[in-house]
Amino acid sequence: MNNLMLNVGMIFETILLAIISYIIYSNTALNTYSSKFGCWLPALSYVILILILDEVRKYIIRKHPGGVVDKETSY
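All letters in the sequence shown, in the order written, are residues 115 to 189 by the working numbering.
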């Protein structure tokens, strides 16, 4: 991905989530608890699916510029 702000935002979100979820003092302050790794597995499968579908969408747009997929999904 070439968008620097998006990449920085995604990394910041992930780090913030880890801090809120797994650091003991933030757990006490925010009244949260750590989740096991198995709880993340369903979400990871959707992340992989979304990444694959987006790459397929970009491939179709490159192969058929101005087509239906380009008109309906590009912004």
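Glycine included, C-beta positions come from ideal geometry on N, C-alpha and C.
I'd like the span of the alpha helix (DSSP H) that includes residue i, first residue to last.
i	result
Tyr-147	It is not in any alpha helix (DSSP H) - Tyr-147 carries neither H nor E in the DSSP assignment.
Tyr-160	155–177
Asn-121	118–136
Going by the CB atoms, is the gap between residue j and residue i shorter than 8 angstroms?
i	j	result
Ser-135	Thr-146	yes
Ser-149	Asn-141	no
Grouping DSSP H, G and I as helix and E and B as strand, with all else coil, what is residue i?
i	result
Ser-188	coil
Our contact map puts residue i next to residue j with C-beta atoms below 8 angstroms; I'd like the distance itself, whole angstroms only.
i	j	result
Asp-168	Ile-175	Incorrect: roughly 11 angstroms between the Cβ atoms, too far for contact.
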